[in-house]
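Peer 1: Quick one: the structure is below, questions incoming.
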Amino acid sequence: MRLSIDRRLALGAAVLTVVAAAAPATAAPAAGGRPALPARTATAPAAPAPDMDGVSQALRNTLAAGAPGAMARFTGPDGVEFRREGVQNRVTGAAMDRNARFRVGSITKTFSSVVLLQLVGEGKVKLDDPVNTYVPGLLPDDRITVRHLLTHRSGLSDYTNAMFANTVPGFEAVRNRVFTYQELVNLSLAEPRTTQPGAAYSYSNTNFVVVGMIIEKVTGRPVAKEYERRIIKPLRLSHTSYVHPDTAIKGRHVNGYLHPDEEGAPLVDSTEQTVSWAQSAGAMISTEADLSTFMSSLLKGKLLSADLLDAMTTVTPTDATNTRFYGLGLRRYNLSCGTQVFGHTGTVQGFYSYAFTTRDGERSLSAMANTSNRGAANTALGGTLEAAFCGKKTAPSVARRGFTVAPAEADLPERR
Numbered sequence: 086m087r088l089s090i091d092r093r094l095a096l097g098a099a100v101l102t103v104v105a106a107a108a109p110a111t112a113a114p115a116a117g118g119r120p121a122l123p124a125r126t127a128t129a130p131a132a133p134a135p136d137m138d139g140v141s142q143a144l145r146n147t148l149a150a151g152a153p154g155a156m157a158r159f160t161g162p163d164g165v166e167f168r169r170e171g172v173q174n175r176v177t178g179a180a181m182d183r184n185a186r187f188r189v190g191s192i193t194k195t196f197s198s199v200v201l202l203q204l205v206g207e208g209k210v211k212l213d214d215p216v217n218t219y220v221p222g223l224l225p226d227d228r229i230t231v232r233h234l235l236t237h238r239s240g241l242s243d244y245t246n247a248m249f250a251n252t253v254p255g256f257e258a259v260r261n262r263v264f265t266y267q268e269l270v271n272l273s274l275a276e277p278r279t280t281q282p283g284a285a286y287s288y289s290n291t292n293f294v295v296v297g298m299i300i301e302k303v304t305g306r307p308v309a310k311e312y313e314r315r316i317i318k319p320l321r322l323s324h325t326s327y328v329h330p331d332t333a334i335k336g337r338h339v340n341g342y343l344h345p346d347e348e349g350a351p352l353v354d355s356t357e358q359t360v361s362w363a364q365s366a367g368a369m370i371s372t373e374a375d376l377s378t379f380m381s382s383l384l385k386g387k388l389l390s391a392d393l394l395d396a397m398t399t400v401t402p403t404d405a406t407n408t409r410f411y412g413l414g415l416r417r418y419n420l421s422c423g424t425q426v427f428g429h430t431g432t433v434q435g436f437y438s439y440a441f442t443t444r445d446g447e448r449s450l451s452a453m454a455n456t457s458n459r460g461a462a463n464t465a466l467g468g469t470l471e472a473a474f475c476g477k478k479t480a481p482s483v484a485r486r487g488f489t490v491a492p493a494e495a496d497l498p499e500r501r
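Counted the way my numbering counts, the sequence shown spans residues 86 to 501.
Following this line, the structure appears as structure tokens:
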């Protein structure tokens with residue numbers, strides 16, 4: 086089924102209802118000023134056990150929708166569960182490998198947000214300062230603040246819409262190209278802005294290109310060094326890297342396959358590329374285990390102070406369904422069972438990925454498929470969230486409606 090360029094997110098057959106009482110009350114501060122986790126009482130409902138059969142079915146659905154392979158990893162109080170389907174290399178036929186690296190696309194945005202928020206905590210950046218305070222003369226509007234970047238409310242146009250209007254030719258034109266940050270910002274500024282600053286949510290890769298510029302201006306170091314010293318080394322994410330502008334994924338890795346716009350055209354192996362068109366908006370490489378460690382550590386308060394984590398997880402709706410929200414470089418999804426999960430999605434040519442965790446960081450899911458420009462595959466992969474966090478569905482008379490993610494929630498324009 087062919088999808089229009091600007092098709093927005095679908096959520097299945099109906100809007101999901103979330104009961105306000107499902108949100109936990111604010112806990113009293115613990116020693117050291119950090120809020121304590123809400124205490125569990127004898128009457129508190131236990132978290133549902135993950136439906137790993139449902140996770141497997143979601144992965145099979147992803148393959149049926151056009152992905153060569155897909156895999157998912159769930160971490161909870163009872164340990165780690167892993168499921169995989171299909172192949173990570175269409176030439177060799179090698180099965181998906183739970184330890185293989187892959188491109189994580191816009192999950193990079195959460196890494197960039199953490200670094201910037203740490204700079205806020207150090208007093209080097211203020212969220213409500215104009216961007217031009219830190220990169221003088223960059224933007225033509227002093228009303229655009231750092232917070233607007235992190236929440237996708239700057240109104241800066243997403244240059245990737247034009248760049249990848251024709252999916253495969255657009256990709257091949259930039260596969261080996263190395264852009265400067267300024268070149269990418271110039272592409273955005275050549276287009277009309279989408280909103281007035283702060284007026285509305287409008288997802289744009291440009292926002293996090295500018296975030297990367299601020300990080301480098303304030304620290305005097307490349308973003309790669311800041312990711313490494315502030316996140317990768319402290320959390321021991323030994324398989325996570327930012328290799329821009331190198332094109333290869335080192336070590337064991339998944340090959341990515343891009344669907345052309347034309348129905349029936351052969352897949353394009355898009356594994357090797359600079360991802361220079363994204364940089365601090367989407368060029369990181371990781372594994373499912375490292376992504377789960379990153380997201381759970383973040384939500385447990387290991388990377389940010391309590392007040393900054395609260396700011397990051399303070400969200401506003403991204404559409405009218407009241408099930409999808411965005412904070413500071415962090416998504417929140419309200420699932421059909423009332424569970425709220427925080428994290429990010431990722432799309433880069435040849436790869437879809439999800440990395441989400443509960444607010445206490447105790448249950449985490451990371452999932453990936455080695456294709457892109459195939460919205461039905463992205464939607465199917467999103468089904469792993471419902472199965473993992475909501476467990477088995479109840480009887481049909483009281484069945485929960487599932488949460489789905491359709492192509493426009495991806496980080497690049499979708500054509501299919």
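In this text, a Cβ means the ideal position worked out from N, Cα and C, and glycines have one as well.
How do the region 314–329 and the region 288–304 stand: do at least 3 beta-carbon pairs fall below 8 Å, yes or no?
Peer 2: Segments in contact, no.
Peer 1: Which residues in the same chain as Ile334 place their Cβ atom closer than 6 Å to its Cβ, once the five residues preceding and following it in sequence are excluded?
Peer 2: Position 249 of the sequence shown, counted from the start, is the residue given in the question as residue 334. Contacts found: Arg186 and Ile370.
Peer 1: Among Arg417, Thr325 and Asn458, which has the Cα closest to the Cα of Gly435?
Peer 2: Translated into the one-based positions of the sequence shown, residue 435 becomes position 350. For the residues Arg417, Thr325 and Asn458, the minimum Cα distance to Gly435 belongs to Asn458.
Peer 1: Less than 8 Å between the CB atoms is what I'm expecting for Gly428 and Arg416, so what's the real figure, rounded?
Peer 2: Counted from its first residue, the sequence shown places residue 428 at position 343. Counted from its first residue, the sequence shown places residue 416 at position 331. Their Cβ separation, rounded to whole angstroms, is 6 Å, which keeps Gly428 and Arg416 in contact under 8 Å.
Peer 1: Can you tell me whether Gln281 is buried or exposed? The criterion is at least 16 other CB atoms within 10 Å of its CB, across all chains shown.
Peer 2: Here residue 281 refers to the residue found at position 196 of the sequence shown. Gln281 should be labelled exposed.
Peer 1: Name the residue from Tyr437, Pro277, Arg278 and Arg306 whose alpha carbon lies nearest to the alpha carbon of Thr356.
Peer 2: Walking along the sequence shown from the start, residue 356 turns up at place 271. Relative to the Cα of Thr356, the nearest Cα in the group Tyr437, Pro277, Arg278 and Arg306 belongs to Tyr437.
Peer 1: Tell me the rounded alpha-carbon separation between Ile229 and Val216.
Peer 2: Along the sequence shown, one-based indexing puts residue 229 at 144. Along the sequence shown, one-based indexing puts residue 216 at 131. C-alpha separation (whole angstroms): 6 Å.
Peer 1: Is the distance from the Cβ of Gly178 to the Cβ of Thr456 below 8 Å?
Peer 2: Start at 1 with the first residue of the sequence shown, and residue 178 comes out as number 93. Start at 1 with the first residue of the sequence shown, and residue 456 comes out as number 371. In this structure, Thr456 does not lie closer than 8 Å to Gly178 by Cβ.
Peer 1: For Val189, which residues in the same chain have their Cβ closer than 6 Å to its Cβ, ignoring the five residues on either side in sequence?
Peer 2: Your numbering for residue 189 matches position 104 in the sequence shown. For Val189, where only same-chain residues beyond five positions count, the Cβ hits under 6 Å are Met369, Ser371, Gly431 and Ser438.
Peer 1: What residue does the alpha helix (DSSP H) around Ala149 start on, and which one ends it?
Peer 2: For this step, residue 149 is matched to residue 64 along the sequence shown. That run of the alpha helix (DSSP H) goes Met137 to Ala149.
Peer 1: With DSSP as the reference, label Asn184 as helix, strand or coil.
Peer 2: As a first step, residue 184 must be located in the sequence shown, where it is residue number 99. Looking at Asn184 - three-state DSSP - the assignment turns out to be coil, as it is neither helix nor strand.
Peer 1: So what does Ser449 bridge to, in DSSP terms?
Peer 2: Taking the first residue of the sequence shown as position 1, residue 449 is located at position 364. Ser449 is bridged to Thr160 and Thr442.
Peer 1: Kindly give me the distance between the Cβ atoms of Met453 and Ala155, rounded to whole angstroms, as I take these residues to be in contact under 8 Å.
Peer 2: Here residue 453 refers to the residue found at position 368 when the sequence shown is read from its first residue. Here residue 155 refers to the residue found at position 70 when the sequence shown is read from its first residue. With a Cβ gap of about 7 Å, Met453 and Ala155 count as contacting.
Peer 1: Looking only at C-alpha atoms, which of Ala462, Glu447 and Thr252 sits nearest to Pro135?
Peer 2: As a working mapping, residue 135 is identified with position 50 in the sequence shown. Checked all of Ala462, Glu447 and Thr252; the closest Cα to Pro135 is Glu447.
Peer 1: Which complete alpha helix (DSSP H) runs does the region 357–387 hold, if anything under 4 residues is left out?
Peer 2: 373–384
Peer 1: Grab me the residues of Asn292's own chain with a C-beta within less than 7 Å of its C-beta, minus the 5 sequence neighbours each way, in chain order.
Peer 2: Here residue 292 refers to the residue found at position 207 when the sequence shown is read from its first residue. Once the five neighbours on either side are set aside, the close Cβ partners of Asn292 are Leu234, His237, Ser239 and Leu241.
Peer 1: Buried or exposed: where does Val294 fall if 16 or more other Cβ atoms within 10 Å of its Cβ makes it buried?
Peer 2: Indexing the sequence shown from 1 puts residue 294 at position 209. Counting other Cβ atoms within 10 Å of its Cβ, Val294 reaches 16 or more and is therefore classed as buried.
Peer 1: Suppose you measure from the CA of His324 to the CA of Glu373; what does that come to, to the nearest Å?
Peer 2: By 1-based counting over the sequence shown, the position of residue 324 is 239. By 1-based counting over the sequence shown, the position of residue 373 is 288. In a straight line, the C-alpha of His324 is about 10 Å away from that of Glu373.
Peer 1: I believe Ser191 touches Ala465 by the beta-carbon criterion, under 8 Å. Please report the beta-carbon distance rounded to the nearest angstrom.
Peer 2: Within the sequence shown, numbered from 1, the residue matching residue 191 stands at position 106. Within the sequence shown, numbered from 1, the residue matching residue 465 stands at position 380. In fact, because the Cβ distance is near 19 Å, the residues do not count as touching under 8 Å.
Peer 1: Taking the alpha carbon of Pro254 as the point to measure from, which residue in Lys211, Val426 and Val353 has its own alpha carbon closest?
Peer 2: As a working mapping, residue 254 is identified with position 169 in the sequence shown. Checked all of Lys211, Val426 and Val353; the closest Cα to Pro254 is Val353.
Peer 1: Lys194: which of Arg278, Ala440 and Glu348 sits nearest, CA to CA?
Peer 2: Within the sequence shown, residue 194 is the residue found at index 109, counting from 1. When only C-alpha atoms are compared, the closest one is Ala440.
Peer 1: Give the straight-line distance between the Cα atoms of Lys173 and Lys477, rounded to the nearest whole angstrom.
Peer 2: As a first step, residue 173 must be located in the sequence shown, where it is residue number 88. As a first step, residue 477 must be located in the sequence shown, where it is residue number 392. Residue 173 is actually Gln in this sequence, not Lys. Roughly 28 Å separates the two Cα atoms.
Peer 1: Alpha carbon to alpha carbon, what distance is there between Pro153 and Arg278?
Peer 2: Translated into the one-based positions of the sequence shown, residue 278 becomes position 193. Translated into the one-based positions of the sequence shown, residue 153 becomes position 68. Straight-line Cα distance between these residues: approximately 37 Å.
Peer 1: So what's Leu394 in DSSP terms, helix, strand or just coil?
Peer 2: Working through the sequence shown from its first residue, we reach residue 394 at position 309. Of the three classes helix, strand and coil, the one that applies to Leu394 here is helix, per DSSP.
Peer 1: Based on DSSP bridge pairs, tell me the residues matched to His429.
Peer 2: Taking the sequence shown and counting its residues from 1, one reaches residue 429 at position 344. Its beta-bridge partners are Ala440.
Peer 1: Identify whether Pro215 lies in helix, strand or coil by the three-state DSSP scheme.
Peer 2: Against the sequence shown, residue 215 aligns to sequence position 130. DSSP places Pro215 in strand when its eight states are reduced to three.
Peer 1: Taking Cβ to Cβ, would you say His338 is nearer than 8 Å to Gln364?
Peer 2: For this step, residue 338 is matched to residue 253 along the sequence shown. For this step, residue 364 is matched to residue 279 along the sequence shown. No, they are not a contact pair.
Peer 1: Could you say which of Gly423, Val165 and Leu388 lies nearest to Phe196 if we only look at CA atoms?
Peer 2: Here residue 196 refers to the residue found at position 111 of the sequence shown. For the set Gly423, Val165 and Leu388, the Cα lying nearest the Cα of Phe196 is the one of Leu388.
Peer 1: Figure out for me which residue from Ala149, Asp163 and Phe159 has the closest Cα to the Cα of Met137.
Peer 2: Numbered from its first residue, the sequence shown carries residue 137 at position 52. When each option's Cα is compared against that of Met137, the closest is Phe159.
Peer 1: Pick out whichever of Tyr342, Leu393, Tyr266 and Thr479 has its Cα sitting closest to the Cα of Ala208.
Peer 2: In the sequence shown, the residue the question calls residue 208 occupies position 123. Before going on, a small fix: residue 208 reads as Gly here, not Ala. For the set Tyr342, Leu393, Tyr266 and Thr479, the Cα lying nearest the Cα of Gly208 is the one of Leu393.
Peer 1: Between the alpha carbons of Pro345 and Asn463, how many angstroms are there, rounded?
Peer 2: Looking up residue 345 in the sequence shown gives position 260. Looking up residue 463 in the sequence shown gives position 378. The straight-line gap from Cα to Cα measures roughly 15 Å.
Peer 1: Would you kindly report the start and end of the unbroken beta strand (DSSP E) that includes Asn419?
Peer 2: Within the sequence shown, numbered from 1, the residue matching residue 419 stands at position 334. Counting along the chain, the unbroken beta strand (DSSP E) around Asn419 starts and ends at Arg416 to Asn419.
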